[in-house]
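Take a look at the structure set out below.
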Amino acid sequence: MSKKPSAIADIKAESAVKATDYALAPINAALSSTQRIELYRTMIRIRRFEERSLRAYQGKNPSGGTNIGGFLHLYIGQEAVAVGCCSLMGKNDHVITAYRDHGHAIAVGMDTKPLMAELYGKITGCSKGKGGSMHYFAPDKNFWGGHGIVGGQIPLGTGLAYALKYQGKKGAAMAFMGDGAVNQGAVHEAYNLASLWNLPVVFVIENNGYSMGTSQARSSAGQLAKRAEGYNMTWGQCDGHDVYEVRALMDKHLTLAREQSRPSTVEIDTYRYRGHSVADPDNTYRTKTEIEEYRNKKDPIQVSLHKLLAEGVLTETLADQIDAEARAEAESAAEFADASPYPTPDDIQKDVYWESDHPAQRKSEGRLFFD
Amino acid sequence: MPQITYREAIRHALAEELTRDPNVVVMGEEVAQFNGAYKVTDGLLATFGPTRIVDTPISEAGFIGLGVGASMLGIRPVMELMFWSFYSVAFDQILNNAANVRYMSGGQINCPIVIRGPANGGTNVGATHSHTPENVLANHPGVKVVVPATAYDAKGLLKSAIRDNDPVFFLENTILYGDKGEVPEAEYVIPLGKADIKRVGADLTIVTYGRCVIHSLKAAEVLEKDHGISVEVVDLRTIRPLDFDTVLASVKKTNRVLIVEEQKPFASVGTQLAYMIQREAFDDLDGPIHRLATIDAPAIYSPPVETEQLPNPGRVIKAVLAAMA
Ligand SMILES: Cc1ncc(C[n+]2csc(CCOP(=O)(O)OP(=O)(O)O)c2C)c(N)n1
Ligand SMILES: [Mg+2]
Numbered sequence: 122m123s124k125k126p127s128a129i130a131d132i133k134a135e136s137a138v139k140a141t142d143y144a145l146a147p148i149n150a151a152l153s154s155t156q157r158i159e160l161y162r163t164m165i166r167i168r169r170f171e172e173r174s175l176r177a178y179q180g181k182n183p184s185g186g187t188n189i190g191g192f193l194h195l196y197i198g199q200e201a202v203a204v205g206c207c208s209l210m211g212k213n214d215h216v217i218t219a220y221r222d223h224g225h226a227i228a229v230g231m232d233t234k235p236l237m238a239e240l241y242g243k244i245t246g247c248s249k250g251k252g253g254s255m256h257y258f259a260p261d262k263n264f265w266g267g268h269g270i271v272g273g274q275i276p277l278g279t280g281l282a283y284a285l286k287y288q289g290k291k292g293a294a295m296a297f298m299g300d301g302a303v304n305q306g307a308v309h310e311a312y313n314l315a316s317l318w319n320l321p322v323v324f325v326i327e328n329n330g331y332s333m334g335t336s337q338a339r340s341s342a343g344q345l346a347k348r349a350e351g352y353n354m355t356w357g358q359c360d361g362h363d364v365y366e367v368r369a370l371m372d373k374h375l376t377l378a379r380e381q382s383r384p385s386t387v388e389i390d391t392y393r394y395r396g397h398s399v400a401d402p403d404n405t406y407r408t409k410t411e412i413e414e415y416r417n418k419k420d421p422i423q424v425s426l427h428k429l430l431a432e433g434v435l436t437e438t439l440a441d442q443i444d445a446e447a448r449a450e451a452e453s454a455a456e457f458a459d460a461s462p463y464p465t466p467d468d469i470q471k472d473v474y475w476e477s478d479h480p481a482q483r484k485s486e487g488r489l490f491f492d
Numbered sequence: 003m004p005q006i007t008y009r010e011a012i013r014h015a016l017a018e019e020l021t022r023d024p025n026v027v028v029m030g031e032e033v034a035q036f037n038g039a040y041k042v043t044d045g046l047l048a049t050f051g052p053t054r055i056v057d058t059p060i061s062e063a064g065f066i067g068l069g070v071g072a073s074m075l076g077i078r079p080v081m082e083l084m085f086w087s088f089y090s091v092a093f094d095q096i097l098n099n100a101a102n103v104r105y106m107s108g109g110q111i112n113c114p115i116v117i118r119g120p121a122n123g124g125t126n127v128g129a130t131h132s133h134t135p136e137n138v139l140a141n142h143p144g145v146k147v148v149v150p151a152t153a154y155d156a157k158g159l160l161k162s163a164i165r166d167n168d169p170v171f172f173l174e175n176t177i178l179y180g181d182k183g184e185v186p187e188a189e190y191v192i193p194l195g196k197a198d199i200k201r202v203g204a205d206l207t208i209v210t211y212g213r214c215v216i217h218s219l220k221a222a223e224v225l226e227k228d229h230g231i232s233v234e235v236v237d238l239r240t241i242r243p244l245d246f247d248t249v250l251a252s253v254k255k256t257n258r259v260l261i262v263e264e265q266k267p268f269a270s271v272g273t274q275l276a277y278m279i280q281r282e283a284f285d286d287l288d289g290p291i292h293r294l295a296t297i298d299a300p301a302i303y304s305p306p307v308e309t310e311q312l313p314n315p316g317r318v319i320k321a322v323l324a325a326m327a
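Chains as they are written, first to last, in the numbering used here: chain A, 122 to 492; chain B, 3 to 327.
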């Protein structure tokens, strides 16, 4: 356990297996070795993808221009949350989240090539270069974004649950938000509607302790998930550094949604090592010591790695190999993005209206666009 | 042909579409048990039951956002805003989420939602309840905006709106709800984006929509009788998509144009029309483009004065005479 595998040499390893071993929870005990490794692999793939995207953001493209514009909100440190939650998805389960969406997108199974290409603003991007980092979507993977307005996606997630119920499908919607989003009115309206109408939704608060540079203590009164009580919803809270722990708690809440069509709220404690976005110099609102503390003791990838090594599921050689593959995947995603063409000005007015994209089936008349 | 009210016409459209498509759901404050704040949905609960006709709490952001989310999975929610004025508390859901989700997803997601309700002044309810946001809505590519003036149009257009795969915002008028008009019993739809010449004339074109169509038609009669001026009234019916060809043909025929709208003047629907008319019919104009709008202030409460703040037949007559001078 003390020996650090070379594949993750850039991450200091002091992680210890926690006293409560969530690996024993039935939902985790049932996992095959391959499935355990897949959880780990997905976390590593997210991290390597984002590290690669950060390098691309900071670098220049061959012609001297920017690779990636605008915001880039990295999920580094929070991987166990999206991976744990999304690993529980069945065919009628749906996901929606905010702008820090790379982890969820990879966790639901999106291919990293179009994800990287989207960051580069390329036509091969998952949203054809029209959404960017904050607006990933994959309806074919039950992934409904990627939303830029804090809390604005929560009514939408509630609507996904409404649709499931209306259509008589046994599934659940997971509506993710940050700890800052709990203070948005739309979130509270959605809580009330979900509880009032018995909708199968799990509201997931990813509590990384900060909304931009404002700590939870400076923004929110009371325990965040406990606000669910005011809406007659059950709530739960767990540590989000251990993918098994996330799965153990989420499984209960998803079952409540699927089996009893009841909403609930979970608060998952997590941490981001990077600034709020790449633009955040991260030197005003928290200490380097705090960041290091999390990195060293609670890194979800480290926690998982050590468990898998202890379980005998993973060997250091295999861990090295997985890491090498994740790095190679990120690299080829970047190459793909780099080699892909940009949309053209002719693409600007595509994908605005269903009708203008389907002229043969258009029923309305008149001008849809103006100049 | 039977005469029914504008309100009944909307109700019939809802009932027919609810019957036709099981994915259509009517949702809003007081739409079910109370039978509608303006009785538009009267009796629908009894016919279709509480799964199809759904009362919501007073949470416009919450329930409209919920409708947007549900529409992404194939539900066709028809959301009632008790007043369109309340769109401001759901602005993010309407104009960030509904309007943008197709675009931001690179065309992967549709949002076939209808949001409907009254949007008008003239009922002495003060500035907070008298907004006419069609210009604000239509400023957002991705959405469609409909403002019917008659029972016939309201029914046919609402049916098209519900079948449309894009978000459609349908702006009604509390003062028109009781107005009767001929509506055939046989099913019909009116395509969005098709203007209607409500009165044929030769001397001047009034381009208008919504209740101002009614004012303009009244004014046109007086102008014909008392002043010998023959006015053509073009009812846009839909703001976006916009049937500008019909406007253009009329302007090219009459060579004079007055825009009449229940809008605050600054950056209104009329502003856009005026730009387009000068751009595409400059040489056909015998004079400047005129425009009659709401007097530029928040909606006044005082009943007799509010009537004067809004366009009305008297103000339309004056505006036409000024344009003909
Ligand atoms: C309505 C709204 N207000 C402000 C912002 C700017 N903003 C973007 S992210 C953010 C912080 C949100 O923090 P949190 O919900 O905790 O999520 P995290 O970034 O930690 O994942 C702010 C203030 C926004 N996007 N939307
Ligand atoms: Mg946060």
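We treat Cβ as the ideally placed atom computed from N, Cα and C, and that holds for glycine.
Which residues in the same chain as residue i place their Cβ atom closer than 6 Å to its Cβ, once the five residues preceding and following it in sequence are excluded?
i	result
Thr210(B)	Ser218, Val262
Leu47(B)	Ala34, Ile55
Ala137(A)	Model confidence at Ala137(A) stands at a pLDDT of 43, short of 50, so the residue's coordinates are unreliable; what they give is reported in the following sentence. Nothing listed; no residue qualifies.
Pro315(B)	His217, Lys220, Ala221
Gly361(A)	Ala201, Val202, Val367, Ile389, Asp390, Thr391
Lys251(A)	none
Ala72(B)	Pro79
Ala140(B)	Val147, Ile241, Arg242
Phe491(A)	none
Ala349(A)	Trp356, Thr386
Going along the chain, which residues of its own chain have a beta-carbon closer than 7 Å to the beta-carbon of residue i, five neighbours each way excluded?
i	result
Arg168(A)	Ile197, Glu200, Ile422
Gln1(B)	The structure shown has nothing for residue 1(B), since chain B only spans 3 to 327.
Glu308(B)	Gly123, Gly124, Asn126, Ala301, Ile302
Ser127(A)	Low confidence applies to Ser127(A): its pLDDT is 43, below 50, so where it sits in the model is not reliable, and the reading given next is rough at best. Excluding sequence neighbours, Ser127(A) sits near Asp441.
Ala307(A)	Gly272, Gly273, Ile275, Pro276
Met354(A)	Tyr312, Ser316, Pro384, Ser385, Thr386
Val202(B)	Glu234
Tyr474(A)	Leu489
Thr21(B)	none
Thr58(B)	Met29, Gly30, Glu31, Phe65
Ile164(B)	Glu19, Val26, Arg78, Val80, Val116
Mind checking who residue i pairs with in its DSSP beta bridge?
i	result
Met29(B)	Val56(B), Met81(B)
Trp356(A)	Thr386(A)
Phe324(A)	Ala296(A), Thr386(A)
Val209(B)	Val236(B), Ile261(B)
Gly119(B)	Leu173(B)
Asp198(B)	Asp237(B)
To the nearest whole angstrom, what separates the beta carbons of residue i and residue j, a pair I think is in contact under 8 Å?
i	j	result
Asn329(A)	Asp300(A)	7 Å
Ile192(B)	Ser162(B)	6 Å
Phe170(A)	Ala451(A)	5 Å
Leu320(A)	Lys286(A)	6 Å
Gly190(A)	Gly242(A)	7 Å
Kindly list the residues whose CB is nearer than 8 Å to the CB of residue i, restricted to its own chain and excluding five residues on each side of it in sequence; keep chain order.
i	result
Ala369(A)	Tyr143, Ala146, Ile148, Asn149, Cys359
Gln311(B)	Gly123, Thr296, Ile297, Ala299, Ala301, Ile302
Phe258(A)	Cys247, Ser248, Gly252, Phe264, Trp265, Gly266, Gly267
Arg213(B)	Asn122, Gly124, Ala151, Asn175, Ile177, Leu178, Glu264
Ala400(A)	Phe192
Contact set between the stretch 51 to 62 of chain B and chain A, restricted to residues whose Cβ is under 7 Å from the partner: So the list reads Pro59, Ser61, given in the order they occur along the chain.
Beta carbons nearer than 9 Å to chain A: which residues of the stretch 63 to 79 of chain B have them? For the stretch 63 to 79 of chain B, the set of positions with a beta-carbon nearer than 9 Å to some beta-carbon of chain A reads Ala63, Gly64, Phe65, Ile66, Gly67, Leu68, Gly69, Val70, Gly71, Ala72, Ser73, Met74, Leu75, Gly76, Ile77, Pro79 in chain order.
Quick check on the DSSP output: what are the complete alpha helix (DSSP H) runs of length 4 or more inside the stretch 416 to 447 of chain A, in order along the chain? Whole alpha helix (DSSP H) segments, 4+ residues: 421 to 432.
When Cβ atoms are compared, which residues of the stretch 110 to 126 of chain B fall closer than 7 Å to chain A? Those residues of the stretch 110 to 126 of chain B that come within reach of chain A (Cβ to Cβ, closer than 7 Å) are Gln110, Ile111, Asn112.
Can you list, in chain order, the residues of the stretch 185 to 210 of chain B whose Cβ is nearer than 9 Å to any Cβ on chain A? Listed by position along the chain: Val191, Pro193, Leu194, Gly195, Lys196, Ala197.
Which ranges does the beta strand (DSSP E) cover as unbroken runs of at least 3 residues, wholly within the stretch 258 to 302 of chain A, from first to last along the chain? Look at the stretch 258 to 302 of chain A and you find these whole runs of beta strand (DSSP E), each 3 residues long or longer: 294 to 299.
Any C-beta of chain A within less than 7 Å: which residues of the stretch 258 to 273 of chain B qualify? Listed by position, the residues of the stretch 258 to 273 of chain B near chain A (Cβ gap below 7 Å) amount to none.
For the stretch 228 to 257 of chain B, list every residue whose C-beta sits within 8 Å of some C-beta in chain A, in sequence order. Residues of the stretch 228 to 257 of chain B with a Cβ closer than 8 Å to any Cβ of chain A, in chain order: Thr240, Arg242, Pro243, Leu244, Asp245, Phe246, Asp247.
Give, in chain order, every residue of the stretch 157 to 187 of chain B whose Cβ lies closer than 8 Å to some Cβ of chain A. Residues passing the 8 Å Cβ filter: Ser162, Arg165, Asp166, Asn167, Asp168.
Report the residue ranges of all beta strand (DSSP E) runs contained in full by the stretch 173 to 236 of chain A; include only those spanning at least 3 residues, in chain order. Listed in chain order, the complete beta strand (DSSP E) runs (minimum 3 residues) inside the stretch 173 to 236 of chain A are 215 to 217.
Could you please tell me which residues of the stretch 177 to 198 of chain A, in chain order, have their CB closer than 9 Å to any CB of chain B? Taking 9 Å as the Cβ-Cβ cut-off against chain B, none of the residues of the stretch 177 to 198 of chain A qualify.
Near-chain A residues of the stretch 136 to 157 of chain B (beta-carbon distance less than 8 Å), N- to C-terminal order: Residues Pro143, Gly144, Lys146.
Along the stretch 372 to 385 of chain A, where does the CB come closer than 7 Å to a CB of chain B? Name the residues. Listed in sequence order: no entries.
Could you please tell me which residues of the stretch 81 to 107 of chain B, in chain order, have their CB closer than 9 Å to any CB of chain A? Of all residues in the stretch 81 to 107 of chain B, Val91, Ala92, Asp94, Gln95, Asn98, Asn99, Asn102, Val103, Arg104, Tyr105, Met106, Ser107 have a Cβ within less than 9 Å of some Cβ in chain A.
Members of the stretch 17 to 29 of chain B that neighbour chain A once the beta carbon cut-off is set at 9 Å: Hits within the stretch, in order: Asn25, Val27.
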